[in-house]
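Notes follow once the structure below has been shown.
2 protein chains.
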Amino acid sequence: MINKELTEPRSIVIIGGSNNVQKPGGKIIRNLLSGNFPGNLYVVNPKETEVQGVPCFHSIEELPDVDLAILAIPAPVCNKAVEQLASGKNTRAFIIISAGFSEETPEGARYEKQILDTVNKYGASLIGPNCIGLMNLYHRSVFTLPIPELSPQGVDMVSSSGATAVYIMESAVGKGLRFNSVWSVGNAPQIGVEDVLEYLDRTFDPEHSPRIKMLYIENIKDPDRLLLHASSLIRKGCKIAAIKSGSSESGSRAASSHTGAMASSDLAVEALFRKAGIVRCFSREDLVTVACVFTLKEVTGRNFAIVTHAGGPAVMLTDALSKGGLQVPEIKGERTVELKKKLYPGASVTNPIDILATGTPEHLEAAIDFCERECPEIDAIAVIFGSPGLVKMYDAYEVLHRKMEECTKPIFPILPSVVTAGKEVSFFLKKGHVNFSDEVELATAVSRVCNASKPSNEGIELYGVDVPHIRKIIDGIDENGYLSHDYIQELLWSAGIPVVPEFVSGQREEVLAEAKKMGFPIVAKVVGPIHKTDVGGVVLNIRSEHHLEIEFDRMIKLPEVTGIMIQPMLAGKELFVGAKYEDRFGHVILCGLGGIFVEILRDVASGLAPLSTGEALSMIRSLRAYKMFRGVRGEAPIDEVQFAEIIVRLSTLLRFATEIKEMDINPLLATEKGIIAVDARIRIEK
Amino acid sequence: MINKELTEPRSIVIIGGSNNVQKPGGKIIRNLLSGNFPGNLYVVNPKETEVQGVPCFHSIEELPDVDLAILAIPAPVCNKAVEQLASGKNTRAFIIISAGFSEETPEGARYEKQILDTVNKYGASLIGPNCIGLMNLYHRSVFTLPIPELSPQGVDMVSSSGATAVYIMESAVGKGLRFNSVWSVGNAPQIGVEDVLEYLDRTFDPEHSPRIKMLYIENIKDPDRLLLHASSLIRKGCKIAAIKSGSSESGSRAASSHTGAMASSDLAVEALFRKAGIVRCFSREDLVTVACVFTLKEVTGRNFAIVTHAGGPAVMLTDALSKGGLQVPEIKGERTVELKKKLYPGASVTNPIDILATGTPEHLEAAIDFCERECPEIDAIAVIFGSPGLVKMYDAYEVLHRKMEECTKPIFPILPSVVTAGKEVSFFLKKGHVNFSDEVELATAVSRVCNASKPSNEGIELYGVDVPHIRKIIDGIDENGYLSHDYIQELLWSAGIPVVPEFVSGQREEVLAEAKKMGFPIVAKVVGPIHKTDVGGVVLNIRSEHHLEIEFDRMIKLPEVTGIMIQPMLAGKELFVGAKYEDRFGHVILCGLGGIFVEILRDVASGLAPLSTGEALSMIRSLRAYKMFRGVRGEAPIDEVQFAEIIVRLSTLLRFATEIKEMDINPLLATEKGIIAVDARIRIEK
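Each protein sequence line maps, in turn, to chains A and B. Numbering of the first sequence is given in UniProt numbering, commencing with residue 1 and proceeding in unit increments. Numbering of the second sequence is given in UniProt numbering, commencing with residue 1 and proceeding in unit increments.
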């Protein structure tokens with residue numbers, strides 16, 4: 001529903017505009033004026049004839065036609081104003097900054113619903129209520145400060161929380177991050193985070209659209225749409241960083257008391273972001289730092305060179321990059337001799353390259369050129385240059401600026417003297433750069449970016465999954481609840497998931513013959529009684545024909561027994577795969593090593609169905625205990641590709657059987673002959 | 001060797017002082033002058049008669065007597081100047097800011113050694129070379145900027161790296177952190193980090209000394225002294241935060257190329273900090289934020305209330321506190337009704353307490369008072385208040401200031417609008433406060449502080465450890481290397497560590513009788529041959545007398561066999577305890593669950609010998625797999641107290657047998673009858 005009247009209005013009216021710049025209705029006019037809004041600006045205020053130099057009307061009736069209306073009036077009178085504007089003044093876009101709606105009271109929720117109905121009736125767009133507004137290159141319809149530097153290559157930010165958007169900008173200004181647009185969606189009855197993302201996706205222009213998006217989300221209302229448009233944008237070359245807050249139990253209570261957001265399981269969010277290729281962040285600083293990393297050339301490998309004039313920060317940076325799985329490899333060989341000649345005695349050239357506190361801009365240039373030209377193993381360069389008070393900072397920052405333009409490798413500027421060399425840092429930022437004032441924050445952000453997943457491909461892997469048969473089974477089930485053994489077996493078979501073979505018969509000879517085929521040891525269970533174990537109806541580890549004969553004869557005589565089931569007795573390493581249907585997200589698939597790894601260490605990876613083999617492998621490889629797959633302490637290795645295949649098949653099964661709300665395969669055993677499901681639990685709800 | 005001439009000199013001379021404030025020798029004079037140094041100031045420079053208004057002499061000979069000399073002249077000529085000053089001008093303190101010493105070349109190292117000998121000869125003190133200098137309330141003998149606000153209640157900072165000290169101050173200035181003294185120790189041939197800490201400890205005055213210390217360390221030269229004085233200071237009421245950089249393998253290479261620091265194992269550092277009660281930090285931002293937390297009242301529990309006028313940051317703060325093991329409990333009951341009446345409709349009072357963007361200073365006051373007075377379950381209050389542009393910030397910050405003085409509970413101010421409300425935030429900081437501009441950074445720091453250990457008591461737990469016997473065994477061993485089985489058994493027994501019983505005999509009847517006493521199953525091993533397994537000399541799981549008879553008869557006939565050893569065959573959960581002697585640190589004890597937990601998951605805790613039971617328990621409880629001790633999947637629980645006791649006994653053993661460079665007990669089995677060592681490996685080096 002986002003239209004041109006909202007993004008590029010020819011005219012704007014502020015209903016409740018004020019001369020008092022302490023009030024939102026005054027501040028928003030001040031921001032529009034300071035932003036040189038190029039269209040017509042009007043105010044409606046019964047008490048004034050001019051507000052901050054802008055023509056003011058006493059009522060809506062007196063207004064000419066106007067594209068966009070910003071409402072800064074009490075909640076109860078908003079809907080009437082919207083109706084008047086839409087019907088009488090051809091207004092097709094609304095920004096309501098007022099609070100007092102669904103976030104506060106049931107009565108407020110009714111006002112909000114009325115407004116939604118009105119704007120929808122007229123096909124108009126609505127931002128808010130309960131927001132700071134919308135700001136882009138065209139108009140600054142927000143009532144808050146700061147106004148960051150706006151630029152067509154800047155970041156598009158979308159935020160559920162107005163104040164958070166403001167505080168993110170506070171942090172961004174100091175780091176030099178620029179914005180293309182800022183969307184504060186407030187209660188979002190019409191336009192929410194997903195809608196803005198969809199708009200950015202649909203209007204994406206490979207030549208002119210900016211590439212970086214920052215999201216602050218408290219509630220993912222429509223995960224499918226978020227996934228669709230986020231991954232589509234990323235495939236088009238965009239980069240997205242996002243905070244989804246409310247990840248802890250208390251945090252999710254805090255979020256829900258705040259916006260009425262429904263708590264979505266954090267594993268589901270994790271899975272969604274992984275699938276979309278979104279870089280997940282957990283604080284404002286973190287989000288802004290990741291977005292700053294996005295502004296630089298992409299890091300295509302894992303090897304960093306550090307060029308510094310101070311030892312300490314280089315050591316901390318090296319530690320932090322290593323912790324994030326990145327490397328600061330030693331630079332060796334003949335080539336270092338040449339570099340060493342160009343620097344002061346005592347300079348270190350092995351990486352970190354320490355040009356010393358007295359190192360000159362020329363030394364800085366030589367060191368960067370060395371990394372760029374002589375070190376093919378180096379993928380990225382971090383430069384630490386503060387104010388040692390010993391060289392001309394402007395010259396050094398000019399070199400840095402030039403090298404950042406020239407070099408093919410990304411260069412990360414770490415300029416820590418933000419107070420003492422504040423002017424020089426500003427001079428550097430004004431050339432269009434960002435600054436990372438703390439080297440460890442940079443390392444954390446850059447490793448987050450380097451370790452993020454690519455968006456998954458959209459196809460569903462159907463090979464070997466018998467969808468019509470799965471549907472037939474599911475459609476044939478009448479009752480909700482846990483499925484019986486037979487249904488489970490059939491569903492697993494239909495999905496192509498290997499299940500331990502079994503044979504049921506009431507005939508002793510048939511059972512014996514089959515057992516010989518299966519090979520001992522075997523397990524025997526009675527068929528018929530519900531509580532098999534209670535009646536002595538389960539015998540494990542039967543090792544001979546003779547033993548089976550004895551047990552068969554005993555078991556077949558137990559009450560209610562209609563037959564005896566036999567299975568091979570398997571031994572192997574326990575694996576775990578399970579799934580839960582999360583409201584709005586669909587099935588979240590969890591995998592891990594079984595037993596204590598899941599139950600005690602909570603070492604599980606999550607993914608969103610349907611999964612590709614690549615995604616399943618990346619889930620498996622993200623487990624803390626991944627090394628166990630290689631086989632430890634004399635155990636055989638576990639076939640991760642087969643495990644991935646089972647995860648994929650399970651996810652495909654679930655995609656076509658959304659009635660399954662919960663299931664897990666347990667135990668899933670990695671035996672010598674492969675990975676086999678021994679038992680499973682499936683709960684359906686139609 | 002720190003003396004009054006260094007800390008409170010009556011007179012200072014700058015050798016190589018300059019009119020050019022781009023040079024260190026010029027900058028340092030500027031800083032001394034702007035700091036209004038109260039004593040006599042002189043310069044020695046052959047080319048000038050006055051430097052920046054300070055009397056200048058052409059040579060050292062012409063100088064009057066002077067307490068402290070700051071050298072800003074080339075490395076090769078420093079020693080001569082030191083000798084002249086010490087012998088001729090009674091100078092007893094030196095700060096050498098020049099570089100070009102041991103950090104650069106072997107020749108520089110010789111200069112450094114000469115200077116050290118000279119100052120030691122005269123009983124003088126020496127800071128540097130290769131440092132930025134020393135700054136305290138009395139004199140600002142540093143050549144760098146920024147100069148932070150200095151205050152007798154400020155932080156004492158000691159740094160191995162001058163530039164890092166500068167960049168830490170850059171970050172501190174913005175957060176409002178004040179300093180009492182800043183020590184940049186440079187190459188530290190005489191005064192290092194440990195010496196400054198010792199000085200601060202010995203001169204500690206409970207009434208007047210400041211309480212907060214920040215350390216940046218690249219090389220712990222004397223871990224014992226660091227431990228002694230850090231824990232002593234903490235016991236006297238101080239708080240210490242420290243970065244030890246070089247924690248990764250590449251980082252430690254980076255550190256060693258920088259200062260020639262020897263890499264100390266990161267586990268040893270971890271253990272040392274834990275034992276001392278030092279809060280470990282990993283970045284400058286982190287260090288400064290923790291120090292800011294230290295300036296506030298102590299948090300005595302784990303329950304936080306959040307008072308905010310913006311939802312988003314409160315949610316992120318709640319998430320981050322939870323992640324750090326702290327809580328934001330729901331506030332319930334009748335009492336909330338009263339608070340709700342005082343706030344605007346729509347305000348939330350359940351914690352986070354959201355007074356809304358329009359919330360007034362009076363609302364802020366009401367909410368803080370409520371947490372202070374009506375909520376005994378609340379231990380600390382975090383207040384988020386930026387610039388919503390809707391209330392008078394000065395008034396709100398005045399309320400916050402007053403409440404921070406009045407309330408008994410610590411209040412953490414989170415003022416995010418550092419750009420827009422820069423003036424108001426400065427006004428608040430000027431009243432002596434700090435500011436946390438990012439709520440998640442605060443949460444990380446405050447949980448680090450709340451989760452830090454207390455300094456351990458100094459005693460050694462000797463009970464049941466037979467030290468004379470241990471010494472007798474160790475003294476009796478002639479060769480270095482791995483000890484034989486008998487020595488190991490005796491050492492473990494002497495330390496009171498339970499060892500699996502064993503019995504050796506060549507007599508069939510004796511072995512059979514003893515086996516019956518031990519109870520089957522048992523293990524039998526040949527005594528004599530070195531490679532027992534290769535000759536079929538080990539049989540596990542012997543379950544009957546009959547079986548043992550057969551095996552005895554077979555094994556006793558094997559070549560070189562002198563007897564048969566039997567042990568009960570134990571079953572239980574594997575534990576791990578081991579130790580390594582780290583140069584300078586002493587024994588680092590490691591513990592964990594055995595098997596994959598140590599080998600694959602690297603889930604080990606470290607402690608420094610000797611350990612108390614409390615420390616050992618805290619190590620065990622810090623394991624990721626600690627839950628396993630409660631008994632899972634039907635396994636019996638593991639007796640953590642007995643495990644702790646074994647760890648303590650091992651640490652006591654090692655304290656009296658420093659010749660042991662490496663040992664581990666493996667397997668250490670938690671059986672039904674208690675925890676028992678089955679085998680161990682001990683390597684000695686005399």
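Here a beta-carbon is modelled for each residue, glycine too, at the ideal position from N, C-alpha and C.
field: N- and C-terminal bounds of the alpha helix (DSSP H) containing Ser232(A)
entry: Reading the first sequence from its first residue, position 232 is the one you call residue 232(A). It spans Pro223 to Arg235 - the alpha helix (DSSP H) in which Ser232(A) sits, taken as one unbroken run.
field: Rounded straight-line distance, which links the Cα of Val43(A) to that of Ile12(A)
entry: Reading the first sequence from its first residue, position 12 is the one you call residue 12(A). Reading the first sequence from its first residue, position 43 is the one you call residue 43(A). Roughly 8 Å separates the two Cα atoms.
- request: Report the neighbours of Gln327(A) on chain B: residues whose CB is nearer than 8 Å to its CB, in chain order.
  value: Numbered from 1 along the first sequence, position 327 holds the residue referred to as residue 327(A). Under the 8 Å cutoff, chain B gives Ser250.
query: Quick one: what does DSSP say residue 774(B) is sitting in, helix, strand or coil?
result: The requested residue 774(B) does not occur in the structure, where chain B is confined to residues 1 to 686.
- request: Determine the direct distance from the alpha carbon of Glu599(A) to that of Lys340(A), and round the result to whole angstroms.
  value: Along the first sequence, read from residue 1 onward, the residue named residue 340(A) stands at position 340. Along the first sequence, read from residue 1 onward, the residue named residue 599(A) stands at position 599. Rounded to the nearest angstrom, the two C-alpha atoms are 55 Å apart.
query: When Cβ atoms are compared, which residues of the segment 583 to 605 of chain A fall closer than 8 Å to chain B?
result: Gly595, Ile596, Glu599, Ile600 and Leu601
query: Could you give the distance in angstroms between the alpha-carbon of residue 704(A) and the alpha-carbon of Arg630(A)?
result: With chain A covering 1 to 686 only, the question about residue 704(A) has no answer from this structure.
query: Roughly how many whole angstroms lie between the Cα atoms of Cys407(A) and Glu365(A)?
result: Working through the first sequence from its first residue, we reach residue 407(A) at position 407. Working through the first sequence from its first residue, we reach residue 365(A) at position 365. Answer to the nearest angstrom: the Cα atoms are 11 Å apart.
message: For His258(A), which residues in the same chain have their Cβ closer than 6 Å to its Cβ, ignoring the five residues on either side in sequence?
response: Looking up residue 258(A) in the first sequence gives position 258. Bear in mind that a pLDDT of 46 at His258(A), under 50, signals an unreliable position, so the model cannot answer this.
- prompt: If we ignore side chains and look at the alpha-carbon of each, how far apart do Ala263(B) and Ala680(B) end up?
  reply: Residue 263(B) sits at position 263 when you count from the first residue of the second sequence. Residue 680(B) sits at position 680 when you count from the first residue of the second sequence. Residue placement at Ala263(B) cannot be trusted, given a pLDDT of 42 that sits under 50; what the coordinates show is reported in the next sentence. Those two C-alpha atoms are separated by around 28 Å.
message: With a threshold of 9 Å between beta carbons, is Glu374(A) in contact with chain B?
response: Here residue 374(A) is taken as the residue at index 374 of the first sequence, counted from 1. Closer than 9 Å: no.
field: Supposed close pair Ser250(A), Ser447(B) - CB separation, criterion 8 Å
entry: Translated into positions along the first sequence, residue 250(A) becomes position 250. Translated into positions along the second sequence, residue 447(B) becomes position 447. No, Ser250(A) and Ser447(B) are not in contact; Cβ-Cβ is about 14 Å, not under 8 Å.
- request: Spell out whether any CB of chain A is found under 9 Å from the CB atom of Lys323(B).
  value: If you number the second sequence from 1, residue 323(B) lands on position 323. With 9 Å as the cut-off, Lys323(B) counts as an interface residue toward chain A.
query: Listed in chain order, which residues of the segment 203 to 232 of chain B have Cβ atoms closer than 9 Å to some Cβ of chain A?
result: Tyr216 and Glu218
Backbone secondary structure at Met169(A) - three-state DSSP: Stepping through the first sequence from its first residue, residue 169(A) is reached at position 169. Residue state, collapsed to three classes: helix.
Classification of Ser606(A) by the beta-carbon crowding that lies within 10 angstroms, buried from 16 upward: As a first step, residue 606(A) is located in the first sequence; it is residue number 606 there, counting from the start. Ser606(A) comes out buried.
- request: Determine the DSSP secondary structure at Asn451(A), reduced to helix, strand or coil.
  value: Along the first sequence, read from residue 1 onward, the residue named residue 451(A) stands at position 451. Asn451(A) falls in the helix class under three-state DSSP.
- prompt: What are the residues that DSSP puts in a beta bridge with Arg683(A)?
  reply: Translated into positions along the first sequence, residue 683(A) becomes position 683. For Arg683(A), which the question treats as bridged, DSSP gives the partners Tyr482(A) and Glu662(A).
query: Mind pulling the chain A residues with CB within less than 7 Å of Val173(B)?
result: In the second sequence, the residue the question calls residue 173(B) occupies position 173. Correct list: Val419.
- prompt: Along the segment 616 to 649 of chain B, what residues have a CB closer than 8 Å to any CB found in chain A?
  reply: Arg624, Ala625, Lys627, Met628, Val632 and Arg633
task: Return yes when the Cβ of Thr613(B) is within less than 9 Å of the Cβ of Glu645(B), no when it is not.
output: For the purposes of this step, residue 645(B) is identified with residue 645 of the second sequence, where counting begins at 1. For the purposes of this step, residue 613(B) is identified with residue 613 of the second sequence, where counting begins at 1. Taking a C-beta distance under 9 Å as the contact criterion, Glu645(B) and Thr613(B) qualify as a contact pair.
- prompt: Between Ser161(B) and the rest of its own chain, which residues show a CB-CB distance below 7 Å, the 5 nearest in sequence each way excluded?
  reply: Within the second sequence, numbered from 1, the residue matching residue 161(B) stands at position 161. Cβ within range, chain order: Tyr216 and Glu218.
Cross-chain neighbours of Ile243(B) in chain A, by beta carbon under 9 Å: Translated into the one-based positions of the second sequence, residue 243(B) becomes position 243. Gly312 and Met316, listed in chain order.
task: Could you confirm whether any beta carbon from chain A is found closer than 9 Å to the beta carbon of Arg178(B)?
output: As a working mapping, residue 178(B) is identified with position 178 in the second sequence. Arg178(B) does not count as touching chain A.
message: Under 9 Å, Cβ to Cβ, is there at least one residue of chain A near Ser247(B)?
response: Along the second sequence, one-based indexing puts residue 247(B) at 247. It does; some Cβ of chain A falls within 9 Å.
Where Gly17(B) meets chain A, residues with beta-carbon distance less than 8 Å: Translated into the one-based positions of the second sequence, residue 17(B) becomes position 17. By Cβ distance, chain A contributes nothing, its closest Cβ being about 15 Å from Gly17(B), past 8 Å.
- prompt: chain B partners of Ser283(A), CB-CB under 8 Å?
  reply: Along the first sequence, one-based indexing puts residue 283(A) at 283. Going along chain B in sequence order, the residues near Ser283(A) (Cβ under 8 Å) are Met316, Ala320, Asp438, Glu439, Val440 and Glu441.
task: Would you list, in chain order, the members of the segment 357 to 370 of chain B that have their beta-carbon closer than 7 Å to a beta-carbon of chain A?
output: Ala357
- prompt: Do the segment 27 to 42 of chain B and the segment 658 to 673 of chain A meet, that is, are 3 or more Cβ pairs less than 8 Å apart?
  reply: no
- prompt: Closest to Leu226(A) by CA distance: which of Lys236(A), Ser494(A), Val193(A) and Val337(A) is it?
  reply: The count along the first sequence starts at 1 and reaches residue 226(A) at position 226. Cα-wise, what sits closest to Leu226(A) is Val193(A).
- request: Output yes if chain B places a C-beta closer than 9 Å to the C-beta of Gly133(A); else output no.
  value: Counting from one through the first sequence, the residue named residue 133(A) turns up at place 133. No, no contact with chain B.
message: Taking only three categories from DSSP, how would you classify Ser348(B)?
response: Numbered from 1 along the second sequence, position 348 holds the residue referred to as residue 348(B). Here Ser348(B) sits in strand by DSSP.
field: The alpha helix (DSSP H) enclosing Gln84(B), as first and last residue numbers
entry: The count along the second sequence starts at 1 and reaches residue 84(B) at position 84. From DSSP, the alpha helix (DSSP H) with Gln84(B) extends over Ala75 to Gly88.
message: Just checking: is the beta-carbon of Leu575(B) within a distance shorter than 9 Å of some beta-carbon in chain A?
response: The count along the second sequence starts at 1 and reaches residue 575(B) at position 575. False, the Cβ-Cβ gap to chain A never drops below 9 Å.
task: Verify the CB distance criterion: does Val166(B) have a CB-CB separation below 9 Å to chain A?
output: Looking up residue 166(B) in the second sequence gives position 166. At least one CB atom of chain A sits nearer than 9 Å to the CB of Val166(B).
query: Would you say Pro129(A) faces chain B, with C-beta separation under 9 Å as the test?
result: The residue given as residue 129(A) occupies position 129 in the first sequence. So no, Pro129(A) is outside the interface.
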